[in-house]
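Residue numbers (our numbering): 82 to 316.
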Ligand SMILES: Cc1cc2nc3c(=O)[nH]c(=O)nc-3n(C[C@H](O)[C@H](O)[C@H](O)COP(=O)(O)O)c2cc1C
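So, in structure tokens, the structure goes:
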């Protein structure tokens with residue numbers, strides 16, 4: 082519950098202004114609630130006690146949840162570089178609207194009591210061979226992007242994605258669900274995954290295009306739905 086330096090809070094705002102979004106035509110805003118006095122926590126079932134809560138608001142346009150997920154996960158990764166831990170709160174309720182913008186999700190953040198990072202192997206994730214269908218042998222840069230995508234967070238850790246792997250392309254599919262219980266957050270979780278794709282590409286000096294390929298989107302699949310493809314080029 083320790084206060085965070087004002088310069089760090091300002092840096093989060095500045096980072097948000099510059100962060101690439103998946104769909105720049107969708108207007109968003111963020112707001113930070115100071116809860117260092119413990120009296121301003123949002124209400125909710127799986128709430129997390131934290132000194133600050135960041136809310137993202139968005140216009141309700143097609144794929145706005147995915148767009149918001151991509152921005153918020155980049156913010157979460159950026160906070161890590163400032164020494165701050167964070168946790169999405171999909172189940173807390175919010176009351177305020179901002180003009181014509183809807184609140185999408187709240188993320189708790191602050192200095193973490195324990196270690197800020199862990200080894201990738203300690204994250205509970207579906208192993209790569211169960212997630213992917215390999216159509217071609219992936220290049221090593223494609224493998225880096227696949228691994229970062231695999232580690233993305235998702236609501237209830239549902240990992241609703243499957244990957245079809247080519248040499249320098251990854252086609253991302255969403256698993257169709259029998260019961261749509263947690264499906265509400267799937268699109269947001271995909272946004273988190275695409276944030277990992279963008280950050281990895283930048284870190285490795287790769288050029289990546291995230292696009293919807295017409296020839297795939299027109300096909301019907303029995304147990305999955307096509308989302309987007311990452312086309313990766315090394316510089
Ligand atoms: C859209 C979304 C909503 C989430 N909601 C909650 C939540 O309400 N409470 C919580 O403790 N964690 C929440 N999480 C965190 C996930 O449970 C967590 O990322 C996932 O279980 C993987 O765990 P890890 O990130 O620690 O590896 C949420 C994550 C996402 C992407």
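Beta carbons: idealized from backbone N, C-alpha and C, even for Gly.
Mapping the DSSP letters down to three states, classify residue i as helix, strand or coil.
i: residue 207; result: coil
i: residue 265; result: helix
i: residue 121; result: coil
i: residue 23; result: The structure shown does not extend to residue 23, since the chain is modelled only from 82 through 316, so no value can be given for it.
i: residue 314; result: strand
i: residue 185; result: strand
i: residue 86; result: coil
i: residue 102; result: coil
i: residue 159; result: helix
i: residue 129; result: coil
Does residue i pass the burial test, meaning 16 or more other C-beta atoms within 10 Å, or should it be called exposed?
i: residue 286; result: exposed
i: residue 203; result: exposed
i: residue 302; result: exposed
i: residue 137; result: buried
i: residue 282; result: buried
i: residue 166; result: buried
i: residue 180; result: exposed
i: residue 164; result: exposed
Please go through the same chain and pick out, in chain order, the residues whose beta-carbon is closer than 6 Å to the beta-carbon of residue i, but skip the five residues on each side of it.
i: residue 230; result: 274, 277 and 278
i: residue 249; result: 220, 223 and 313
i: residue 154; result: 273 and 276
i: residue 309; result: 253, 291 and 293
DSSP beta-bridge partners for residue i?
i: residue 165; result: 192
i: residue 139; result: 109 and 183
i: residue 214; result: 245
i: residue 292; result: 310
Between residue i and the rest of its own chain, which residues show a CB-CB distance below 8 Å, the 5 nearest in sequence each way excluded?
i: residue 182; result: 108, 109, 110, 138, 139 and 140
i: residue 174; result: 123, 124 and 125
- [ ] Would you list, in sequence order, the uninterrupted alpha helix (DSSP H) runs of no fewer than 4 residues that lie entirely inside the region 233-290?
- [x] DSSP runs (the alpha helix (DSSP H)) wholly in the region 233-290: 267-284.
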